[in-house]
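> Here the sequence shown is numbered in our numbering, starting from 24 and rising by one per residue.
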Amino acid sequence: MAEAYPWQQSIWQQLAGRSQHAHAYLLHGPQGIGKRALAERLMARLLCQQPQGLDACGQCKSCLLLKAGSHPDNFILEPEEADKPIKVDQVRELVAFVVQTAQLGGRKVILIEPVEAMNINASNALLKSLEEPSGDTVLLLVSHQPSRLLPTIKSRCQQVTCPQPSLAQSQAWLAGALPGSDETEREELLTLAAGSPLMAVSLQAQGVRDQRALVTDGVKKLLKQQQSPSQLAEAWNTVPLLQLFDWFFDWSQLILRYQLTQDEEGLGLADMRKVVQYLAQKSRQGKVLEVQAWILEQRQKVLGKANLNRVLLLEALLAHWVQLPGAR
24 MAEAYPWQQS
34 IWQQLAGRSQ
44 HAHAYLLHGP
54 QGIGKRALAE
64 RLMARLLCQQ
74 PQGLDACGQC
84 KSCLLLKAGS
94 HPDNFILEPE
104 EADKPIKVDQ
114 VRELVAFVVQ
124 TAQLGGRKVI
134 LIEPVEAMNI
144 NASNALLKSL
154 EEPSGDTVLL
164 LVSHQPSRLL
174 PTIKSRCQQV
184 TCPQPSLAQS
194 QAWLAGALPG
204 SDETEREELL
214 TLAAGSPLMA
224 VSLQAQGVRD
234 QRALVTDGVK
244 KLLKQQQSPS
254 QLAEAWNTVP
264 LLQLFDWFFD
274 WSQLILRYQL
284 TQDEEGLGLA
294 DMRKVVQYLA
304 QKSRQGKVLE
314 VQAWILEQRQ
324 KVLGKANLNR
334 VLLLEALLAH
344 WVQLPGAR
């Protein structure tokens, strides 16, 4: 059974306690706060033949089939490979499933995650099923970036904003999830995960602290002219591209914040504080804004799965970065 996160208690009571359900829910919020688990828990509750209060019983035929991954009235739509789009052919399979009669005589439940992975053709293919689902069908759409969805998809769903845990809730949960970690490490992971505890666990498994050390060391050497953009672009080949763009965007934000406030408490994580302060003092604000706009533009291309030359893109990013000091 999907984990019940403490910060989802209120939203769970609202969703699971309903006597009547919408035909489509859009569960949205930042990545790493447990939206998929919430959707899976609701899916189990909607399919269960003998619910126990607000939860699925876990023992009936429907629950056992769901647990085994062979429930005939359940359909999960997700990318065939990580970070790949959901294809129109996959959506056509879903549409064929929607028009079938429920084999166990209850509801049919569909889970789509992440919805924004659908390309435009796939999104359009889904619209008819969203508008008029056949029989007692409930669609659960999970989105990390609802702004990327077609307005017509959003308008056909009941939108549910999934709560982000408080700092105290995140730290308490993370202490249990990463028992071998110390408080400093957990705080650093949570900062890198923008406060999302499940993302923090994922980043830790990915070796994010080692990746971060490699990148921050490289940036310092770049600014001291000890390494070139092309050397660093090659050296960083194991670091996810989106993560690199996120970090450089965050640093540009911190530079601008310091230029406006001179607040030394707002310089971010310790590993880049001196660099951020140095760049804030040595760079023209207009130039920082230009570089930040460029980073955002390229980040959108990365998000859109554009066919990019990684090395050339990183070389361009670092060439922009090295030009910041002295650009006054």
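Yeah, the Cβ is synthetic: ideal placement off N, Cα and C, and Gly gets one too.
1) Any idea if Asp96 is buried or exposed, counting beta-carbon neighbours within 10 angstroms, 16 or more meaning buried?
2) Within the chosen definition, does the stretch 269–277 reach the stretch 250–257 through at least 3 CB pairs nearer than 8 Å?
3) Measure from the alpha carbon of Gly218 to the alpha carbon of each residue in Asp112, Gln194, Pro202, then state which is nearest.
4) Please report the straight-line C-alpha distance between Ser189 and Val132, rounded to a whole angstrom.
5) Classify His46 as helix, strand or coil using the three-state DSSP reduction.
6) Look up Lys131 in the DSSP assignment and give the residues it is bridged to.
7) In the DSSP assignment, find the alpha helix (DSSP H) that holds Gln194 and state where it starts and stops.
8) Quick check: the Cα distance between Leu237 and Asp294, rounded to an integer number of angstroms?
9) What three-state label does DSSP hand Val183 in the structure shown?
10) Using a threshold of 8 Å, state whether the C-beta atoms of Pro29 and Gln192 are closer than that.
11) If Arg130 and Leu70 are in contact, beta carbons under 8 Å, what's the gap, nearest whole angstrom?
12) Let me know if Gly349 comes out buried or exposed under the rule of 16 or more other beta-carbons within 10 Å of its beta-carbon.
13) Buried or exposed: where does Val122 fall if 16 or more other Cβ atoms within 10 Å of its Cβ makes it buried?
14) Exposed or buried, what is Ala223 when buried is set at 16 or more other beta-carbons lying within 10 Å of its beta-carbon?
Quick answer:
1) buried
2) no
3) Gln194
4) 31 Å
5) coil
6) Thr160
7) 190–200
8) 11 Å
9) strand
10) yes
11) 6 Å
12) exposed
13) exposed
14) buried
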